[in-house]
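Q: I have a structure here, written as structure tokens, and I will follow up with some questions on it.
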Amino acid sequence: MPFPVRIMSSPSRAVAAALLAAASLGVTGQALAQEEPIKVGILHSLSGTMAISESTLKDTVEMLIEQQNEQGGLLGRQLEAVVVDPASNWPLFAERARELLEQHEVDVVFGNWTSVSRKAVLPVFEELNGLLFYPVQYEGEESSENVFYTGAAPNQQAIPAVEYLLNEVGVERFALLGTDYVYPRTTNRILEAFLKEEHGIADEDIMINYTPFGHSDWQNIVAEVRRFGSEGKKTAVVSTINGDANVPFYRELANQGIDAADIPVIAFSVGEQELSGIDTGPLVGHLAAWNYFMSVDTDANYDFIDAWIDYTGDEEAVTNDPMEAHYIGFNMWAEAVRKAGTTDVDAVKEAIIGVTVPNLTGGYAAMMPNHHITKPVLIGEVQDNGQFDIVWQTPSTVAGDAWSDYLPGSRDLIADWRKPMECGNFNVANGRCGGSTAAEEAEAALAE
Numbered sequence: 035m036p037f038p039v040r041i042m043s044s045p046s047r048a049v050a051a052a053l054l055a056a057a058s059l060g061v062t063g064q065a066l067a068q069e070e071p072i073k074v075g076i077l078h079s080l081s082g083t084m085a086i087s088e089s090t091l092k093d094t095v096e097m098l099i100e101q102q103n104e105q106g107g108l109l110g111r112q113l114e115a116v117v118v119d120p121a122s123n124w125p126l127f128a129e130r131a132r133e134l135l136e137q138h139e140v141d142v143v144f145g146n147w148t149s150v151s152r153k154a155v156l157p158v159f160e161e162l163n164g165l166l167f168y169p170v171q172y173e174g175e176e177s178s179e180n181v182f183y184t185g186a187a188p189n190q191q192a193i194p195a196v197e198y199l200l201n202e203v204g205v206e207r208f209a210l211l212g213t214d215y216v217y218p219r220t221t222n223r224i225l226e227a228f229l230k231e232e233h234g235i236a237d238e239d240i241m242i243n244y245t246p247f248g249h250s251d252w253q254n255i256v257a258e259v260r261r262f263g264s265e266g267k268k269t270a271v272v273s274t275i276n277g278d279a280n281v282p283f284y285r286e287l288a289n290q291g292i293d294a295a296d297i298p299v300i301a302f303s304v305g306e307q308e309l310s311g312i313d314t315g316p317l318v319g320h321l322a323a324w325n326y327f328m329s330v331d332t333d334a335n336y337d338f339i340d341a342w343i344d345y346t347g348d349e350e351a352v353t354n355d356p357m358e359a360h361y362i363g364f365n366m367w368a369e370a371v372r373k374a375g376t377t378d379v380d381a382v383k384e385a386i387i388g389v390t391v392p393n394l395t396g397g398y399a400a401m402m403p404n405h406h407i408t409k410p411v412l413i414g415e416v417q418d419n420g421q422f423d424i425v426w427q428t429p430s431t432v433a434g435d436a437w438s439d440y441l442p443g444s445r446d447l448i449a450d451w452r453k454p455m456e457c458g459n460f461n462v463a464n465g466r467c468g469g470s471t472a473a474e475e476a477e478a479a480l481a482e
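Numbering (the numbering used here), first residue to last: 35 to 482.
See the structure below:
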């Protein structure tokens, strides 16, 4: 007798069909998910006063994405750049950051230049748990769980630069000139305290002046610097002037006959990109403090320069310090993604601490628990071809310090984002974490 055959009712057939479809869709959906690109946000000004500096950084990240894709992408997926233009408008940075995280759902963001723009976006990244890699020297006094600071902290640029002026150049008077926002003001507070406490520099030997973004009329200020430097003591300018205001500033120095032999300028925001727009002949001998110069003599640097020239199609294209910071930050992020096996923000944040990648100066950069990295410090002299001759550098890399030893409210603070501390402003004196102050700091920075 043959086995009975069960005839499936219509509902049962429907269920089976649905299960088969679901299984098929699950496999297909998984395959599609694996093929979806990893979205990389780029948050740099392509217009306005900061475009002179930031446009190049947008191009740098796009080049790094292209190179990564040529190597097979990450986790078997290609990378896709999502570019927005905050247009040198600080409140607009926050809007564009929210657009990247909420609308475009990017996995990471590389961006910002000025500290006021970083302060503006910080509450957004903390609220939405995004990742920001910030590539520019800054004033310190901050460590966020959602930001990785690949530019220099003050102990990796400003303090060593002033020590160089004191010890190697014999400077006794300091004109601290800056653009009027949080980075120059805080950096100069640190430098003023350092000069007075560590080296006994008197009040009358420190001149401080701030000008707006895009300032163009430097005649009176440069004349005042000239008078300040004519009173019998070796004088130098420490410049935290940002953006396109540097062009008329250096032009006015030349107009008034101030050269490096008389009053050297050491700049923290002037690199090869900024010098490419002016006649550098009269500026020969003036200085800049960075953690990288295009003139660094290493194979890694020559490879990077060649790749940049090939990418831009411009034989005269220059590289600079924030570009190297993006190079380091991008490679650290990629390594952390590989290590974590995912682009999940929390997993990447945990995986990236301790990640070490090559820099372009012949060494390595490591991500520290305070979300700052290790960097060498270099002093360069402007040459008549717009490049820098490296005249001094630290014997080894320096770990970035998020909190200054020279400000009363910061001396007792440390940052460590590892468990169990997980705090950016832990007070070792009272054993307490101060918690996030991003919203308050953003409001204060935008109000200045």
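C-beta: ideal position from N, C-alpha, C; glycine also.
1) Can you give me the Cβ contacts of GLN253 inside the same chain, cut-off strictly under 7 Å, excluding the 5 residues immediately before and after it?
2) Rounded to the nearest angstrom, what separates ARG260 and GLY396 at their Cα positions?
3) Does the Cβ of ALA359 have 16 or more other Cβ atoms within 10 Å, making it buried, or fewer, making it exposed?
4) Going by beta-carbon coordinates alone, are GLY434 and ALA187 separated by less than 7 Å?
5) Given a cut-off of 7 Å, decide if ASN335 and LEU412 are closer than it, judged by their beta-carbon atoms.
6) So, at 6 Å on beta carbons, what are the nonlocal neighbours of MET35 in its own chain, with the 5 sequence-adjacent residues on each side left out?
7) Measuring straight from C-alpha to C-alpha, what distance separates ASN222 and ALA85?
8) Would DSSP call PHE327 helix, strand or coil?
9) Span of the beta strand (DSSP E) holding GLY75?
10) Take the Cβ of GLN137 as the centre, count every other Cβ of all protein chains shown within 10 Å, and call the residue buried at 16 or more, exposed below.
11) Run through the DSSP bridge pairs and tell me what GLY212 is partnered with.
12) Go ahead and pull the three-state DSSP assignment for ILE386.
13) Using CA coordinates, which residue listed in LEU77, LEU108, VAL382 and PHE247 is at the minimum distance from THR94?
14) Could you tell me the alpha carbon to alpha carbon distance between SER81 and ALA279, rounded to whole angstroms?
15) Could you give the distance in angstroms between the alpha-carbon of LEU66 and the alpha-carbon of MET366?
16) Just mark ARG152 as buried or exposed, buried being the case when its beta carbon has 16 or more other beta carbons within 10 Å.
17) Helix, strand or coil: which one does DSSP assign to TRP426?
18) What does the alpha-carbon distance come out to for the pair SER444 and GLU173?
19) Answer with buried or exposed for MET455, where buried requires no fewer than 16 other C-beta atoms within 10 angstroms of its C-beta.
20) DSSP on TYR217, reduced to helix/strand/coil?
21) Would you say the segment 208–223 touches the segment 141–152, given that touching needs at least three Cβ pairs under 8 Å?
22) Could you tell me which of ALA192, GLY458, GLU226 and ASP293 sits nearest to GLN417, measuring between CA atoms?
23) For ASP446, which residues of its own chain have a beta-carbon under 6 Å away from its beta-carbon, when the five flanking residues on both sides are left out?
24) Could you name the residues of the same chain whose beta carbon sits closer than 8 Å to that of GLN191, not counting the 5 residues immediately before and after it, in chain order?
25) Check each candidate in SER178, SER264, LEU156 and ALA399 and name the one with the smallest Cα separation from ALA295.
26) Strictly by DSSP, which residues pair up with LEU108?
27) Could you pull the start and end residues of the beta strand (DSSP E) that GLY458 belongs to?
28) Whole angstroms are fine: how far does the CA of ASP450 sit from the CA of GLY458?
29) Quick one: what's got a C-beta closer than 6 Å to ARG207's C-beta in the same chain, skipping five residues either side?
30) Between the alpha carbons of GLU176 and ALA478, how many angstroms are there, rounded?
31) Distance check for GLY234 and LEU98, CA to CA, integer angstroms please.
32) Mapping DSSP to helix, strand and coil, what is LEU170?
33) What residue range is occupied by the uninterrupted beta strand (DSSP E) comprising ALA195?
34) Does DSSP classify LYS267 as helix, strand or coil?
35) When burial is assigned at 16 or more other CB atoms within 10 Å of the CB, is VAL432 buried or exposed?
36) For PRO157, which residues from the same chain have a beta carbon less than 8 Å from its beta carbon, with the 5 sequence-adjacent residues on both sides left out?
A: The answer reads as follows:
1) As a first step, residue 253 is located in the sequence shown; it is residue number 219 there, counting from the start. Correct list, in chain order: GLU286.
2) As a working mapping, residue 260 is identified with position 226 in the sequence shown. As a working mapping, residue 396 is identified with position 362 in the sequence shown. Approximately 39 Å, taken between the alpha carbons.
3) In the sequence shown, residue 359 corresponds to position 325, counting from 1. The residue in question, ALA359, is buried, as its Cβ has 16 or more Cβ neighbours within 10 Å.
4) Residue numbering aside, residue 434 sits at position 400 when the sequence shown is read from its first letter. Residue numbering aside, residue 187 sits at position 153 when the sequence shown is read from its first letter. Yes, Cβ-Cβ distance for GLY434 and ALA187 is below 7 Å.
5) Here residue 412 is taken as the residue at index 378 of the sequence shown, counted from 1. Here residue 335 is taken as the residue at index 301 of the sequence shown, counted from 1. Contact: no.
6) Your numbering for residue 35 matches position 1 in the sequence shown. Any reading at MET35 must be qualified, since the residue scores a pLDDT of 36, below 50, and its modelled position is unreliable; no value is offered.
7) Here residue 222 corresponds to residue number 188 of the sequence shown, with the count starting at 1. Here residue 85 corresponds to residue number 51 of the sequence shown, with the count starting at 1. Spanning the two alpha carbons is a distance of roughly 25 Å.
8) Taking the first residue of the sequence shown as position 1, residue 327 is located at position 293. Three-state DSSP puts PHE327 in coil, outside helix and strand.
9) For the purposes of this step, residue 75 is identified with residue 41 of the sequence shown, where counting begins at 1. Counting along the chain, the beta strand (DSSP E) containing GLY75 begins and ends at 72–77.
10) For this step, residue 137 is matched to residue 103 along the sequence shown. GLN137 comes out exposed.
11) The residue labelled residue 212 in the question sits at position 178 within the sequence shown. DSSP, once it has assigned bridges, lists TYR244 and THR274 as partnering GLY212.
12) On the sequence shown, residue 386 is found 352 positions in, with the first residue counted as 1. The answer is helix: DSSP assigns ILE386 an H, G or I state.
13) The residue given as residue 94 occupies position 60 in the sequence shown. Nearest option by C-alpha distance: LEU77.
14) Position 47 of the sequence shown holds residue 81. Position 245 of the sequence shown holds residue 279. Distance between the alpha carbons of SER81 and ALA279: 15 Å.
15) By one-based count along the sequence shown, residue 66 stands at place 32. By one-based count along the sequence shown, residue 366 stands at place 332. Bear in mind that the predicted position of LEU66 carries a pLDDT of just 40, short of 50, making it too unreliable to give a figure here.
16) As a first step, residue 152 must be located in the sequence shown, where it is residue number 118. Its Cβ being crowded by 16 or more others within 10 Å, ARG152 is buried.
17) Translated into the one-based positions of the sequence shown, residue 426 becomes position 392. Note: TRP426 maps to strand in three-state DSSP.
18) The count along the sequence shown starts at 1 and reaches residue 444 at position 410. The count along the sequence shown starts at 1 and reaches residue 173 at position 139. The alpha-carbon of SER444 is positioned some 12 Å away from that of GLU173.
19) Working through the sequence shown from its first residue, we reach residue 455 at position 421. The residue is exposed, with fewer than 16 neighbouring Cβ atoms inside 10 Å.
20) Indexing the sequence shown from 1 puts residue 217 at position 183. In the structure shown, TYR217 sits in a helix (DSSP, three-state: H, G or I).
21) yes
22) Here residue 417 is taken as the residue at index 383 of the sequence shown, counted from 1. Each of ALA192, GLY458, GLU226 and ASP293 was checked against the Cα of GLN417, and the nearest Cα belongs to ASP293.
23) The count along the sequence shown starts at 1 and reaches residue 446 at position 412. If we look at ASP446 and ignore the five residues flanking it on each side, its Cβ neighbours are ASN461, VAL462 and ALA463.
24) Taking the first residue of the sequence shown as 1, we reach residue 191 at position 157. Once the five neighbours on either side are set aside, the close Cβ partners of GLN191 are GLN171, PHE302, ALA323, TRP324, ASN325 and VAL411.
25) As a working note, residue 295 is residue 261 in the sequence shown. With distances taken between Cα atoms, ALA295 lies closest to SER264.
26) Sequence index remark: in the sequence shown, residue 108 carries index 74 (1-based). According to DSSP, which records beta bridges pairwise, LEU108 is partnered with ARG111.
27) Start at 1 with the first residue of the sequence shown, and residue 458 comes out as number 424. Segment 457–461, the beta strand (DSSP E) holding GLY458.
28) Counted from its first residue, the sequence shown places residue 458 at position 424. Counted from its first residue, the sequence shown places residue 450 at position 416. The alpha-carbon atoms of GLY458 and ASP450 are separated by roughly 6 Å.
29) Here residue 207 corresponds to residue number 173 of the sequence shown, with the count starting at 1. Here the set comprises ASP239, LYS267 and THR269.
30) For the purposes of this step, residue 176 is taken as the residue at position 142 of the sequence shown. For the purposes of this step, residue 478 is taken as the residue at position 444 of the sequence shown. Taking the straight line from one Cα to the other gives about 14 Å.
31) Translated into positions along the sequence shown, residue 98 becomes position 64. Translated into positions along the sequence shown, residue 234 becomes position 200. Cα to Cα, the separation comes out at about 46 Å.
32) Taking the first residue of the sequence shown as position 1, residue 170 is located at position 136. Reading off the sequence shown, one finds Val at residue 170, where the question assumed Leu. Judged by DSSP in its simplified three-state form, VAL170 adopts coil rather than helix or strand.
33) As a first step, residue 195 is located in the sequence shown; it is residue number 161 there, counting from the start. Looking at the DSSP string, ALA195 is not in any beta strand (DSSP E); the run it does join, the alpha helix (DSSP H), is 192–198.
34) Position 233 of the sequence shown, counted from the first residue, corresponds to residue 267. Three-state result, LYS267: coil.
35) Walking along the sequence shown from the start, residue 432 turns up at place 398. Buried.
36) In the sequence shown, the residue the question calls residue 157 occupies position 123. Only ALA128, ALA472, ALA473 and ALA476 meet the Cβ criterion.
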